[in-house]
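A short write-up of the structure that comes next.
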Amino acid sequence: MRGYLQYASFDIPLFFRLWGVRNPRALIVEPPPTTGVIVRISARLRGIPYVYFAADVSSSAAAGIGVNPVIVRVLRAVESWVLRGAALVLAVSDGVRDEVQTLGVRPNQVAVVGTGIDTATFALDGALPDCDAPYFAYAGTMSEIQGAGVFLDAFAVVAAEHPSARLVLLGGGTELDALQRRAQESGFGERIDFLGSRPGAEAARWLRGAVAGLASVRPGRGYDFAFATKTFASISTGTPVVYAGVGPAAALVREHRLGWATDWAADEVADAMRAALAGAAASRDADERARLSNWVRDNYSLTAVAANAVRAVRGVLPA
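For the sequence shown, position 206 matches number 548 in the working numbering, and the numbering has no gaps at all.
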């Protein structure tokens with residue numbers, strides 16, 4: 343709820359700012375649903391269509407992390423109203439497509455366009471951090487949905503076997519304080535670095551130099567259908583990923599040999615970390631790094647996703 347109060351500081355002025363946009367053919371909006379409410383009202387008053395970019399499904403996430411059921415029902419009703427009013431819903435995955443259809447979106451109303459990463463920022467070539475020790479890098483949100491604590495538990499096992507290994511976490515989120523306490527209690531806190539939220543270029547630098555990037559989606563939190571885009575951020579820099587949990591990215595990691603995909607279980611993640619450390623030299627091979635980076639560029643770049651979205655949106659624009 344704190345987040346939605348903050349969103350209101352954007353949504354309320356947005357209603358008036360949209361009236362300053364001259365002769366738009368359509369409006370495109372992304373979550374949260376509160377912003378979608380403003381856009382639906384504005385689009386209706388101006389007699390133009392709007393497109394909703396469904397990067398996630400907010401009500402499903404709220405239910406998964408245990409938000410009060412009454413609030414979830416209200417949020418689901420609002421999100422359904424916004425989605426059903428859209429001329430088109432752009433979904434980032436088949437899972438999101440299926441989820442929005444449970445909210446009343448018709449099959450012919452939704453197009454799957456994929457999800458992408460900024461391959462110019464998260465590039466193969468670039469600076470490396472000043473760190474001589476082998477390390478794992480987690481870059482992104484740390485909330486109940488991601489469940490990044492599994493990496494701390496796994497690292498505590500691996501750290502005892504590899505005295506020089508380190509764990510680097512960039513970003514913030516609702517679990518940050520708890521993870522910091524957990525790191526200190528692990529007995530290896532001096533080898534776990536929390537660097538806070540950093541610009542994309544700095545996150546790319548840390549990922550580029552890592553033994554492996556880390557990404558996860560915790561099962562049973564309402565987001566089993568979600569892509570963890572930090573998966574692609576790591577691979578785009580030429581660094582393989584240790585992926586823990588559920589979601590479509592797990593199958594991609596296995597099928598295309600992008601790293602290691604495990605259940606959301608500390609023992610399995612620890613095994614993957616051991617394998618990454620053992621194969622560190624191979625993972626730094628220039629040809630292998632280029633293969634990983636090129637795979638993301640060809641399949642999950644922002645450019646590729648934007649092209650898919652443009653084709654879909656053109657189909658609903660008024661003549």
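C-beta atoms are modelled at their ideal positions from N, C-alpha and C, and glycine is treated no differently.
So, with DSSP's three-state summary, where would you put residue i?
| i | result |
| --- | --- |
| L600 | coil |
| I407 | coil |
| S558 | strand |
| L512 | strand |
| G587 | strand |
| A628 | helix |
| F395 | strand |
| L291 | Nothing in the structure corresponds to residue 291, since the chain is present only between 343 and 661. |
| V454 | strand |
| I383 | helix |
| F567 | coil |
| V371 | strand |
| F478 | strand |
| S506 | coil |
| D353 | helix |
| N636 | helix |
| V553 | coil |
| V363 | coil |
| T581 | coil |
Return the CA-CA distance between residue i and residue j, expressed in angstroms with no decimal places.
| i | j | result |
| --- | --- | --- |
| V454 | I354 | 30 Å |
| T645 | A465 | 14 Å |
| V584 | A649 | 29 Å |
| V595 | G482 | 18 Å |
| L634 | F574 | 9 Å |
| A632 | G580 | 6 Å |
| S576 | A543 | 12 Å |
| R367 | R547 | 40 Å |
| R599 | N636 | 13 Å |
| F530 | P582 | 24 Å |
| G441 | V588 | With the sequence shown as reference, residue 441 is identified as Glu, and Gly is not the correct amino acid for it. Each residue's alpha carbon lies about 15 Å from the other. |
| R626 | G456 | 28 Å |
| S643 | A403 | 25 Å |
| D605 | A661 | 49 Å |
| P449 | Q443 | 7 Å |
| L387 | W361 | 10 Å |
| R523 | A618 | 26 Å |
| D535 | G468 | 22 Å |
| V287 | D474 | Outside the modelled stretch of the chain, which goes from 343 to 661, sits residue 287, for which no answer is possible. |
| N689 | W602 | Residue coverage of the chain in this structure runs from 343 to 661, which leaves residue 689 outside it and unanswerable. |
| Q451 | K572 | 28 Å |
| A628 | F357 | 50 Å |
| L347 | P561 | 28 Å |
| T461 | G555 | 16 Å |
| G515 | V652 | 32 Å |
| A591 | M615 | 18 Å |
Anyone know if the C-beta pair for residue i and residue j falls short of 8 Å?
| i | j | result |
| --- | --- | --- |
| A396 | V420 | no |
| I390 | L369 | yes |
| V510 | A622 | no |
| L549 | L521 | no |
| V424 | P375 | yes |
| R508 | Y477 | yes |
| V434 | A586 | no |
| V363 | V399 | no |
| A557 | A570 | yes |
| V655 | I459 | no |
| M512 | R540 | Reading off the sequence shown, one finds Leu at residue 512, where the question assumed Met. Their beta carbons are under 8 Å apart, which means L512 touches R540 by this criterion. |
| V658 | V393 | yes |
| R415 | L445 | no |
Assuming residue i is part of the beta strand (DSSP E), what are its boundary residues?
| i | result |
| --- | --- |
| S643 | Careful: S643 lies outside any beta strand (DSSP E) and carries neither H nor E. |
| A469 | From DSSP, A469 is part of no beta strand (DSSP E); its letter is neither H nor E. |
| D535 | I534 to G538 |
| V492 | From DSSP, V492 is part of no beta strand (DSSP E) but of the alpha helix (DSSP H) over G491 to E503. |
| I487 | Run containing I487: none; DSSP gives neither H nor E here. |
| L659 | Per DSSP, L659 belongs to no beta strand (DSSP E) and is neither H nor E. |
| A433 | L430 to A433 |
| I390 | That residue, I390, is in no beta strand (DSSP E); it is neither H nor E in DSSP. |
Start and end of the alpha helix (DSSP H) containing residue i?
| i | result |
| --- | --- |
| D613 | A608 to A620 |
| A465 | That residue, A465, is in no alpha helix (DSSP H); it is neither H nor E in DSSP. |
| I577 | K572 to S578 |
| A545 | G542 to R550 |
| A525 | L518 to E527 |
*asked:* Could you check whether the region 497-509 touches the region 562-574, counting it as contact only if at least three pairs of C-beta atoms, one from each stretch, sit closer than 8 Å?
replied: Result no; under three Cβ-Cβ pairs closer than 8 Å.
*Quick check: the region 404-413 against the region 484-492, are there 3 or more CB pairs under 8 Å?*
The count of Cβ pairs closer than 8 Å, one atom from the region 404-413 and one from the region 484-492, reaches three, so the stretches are in contact.
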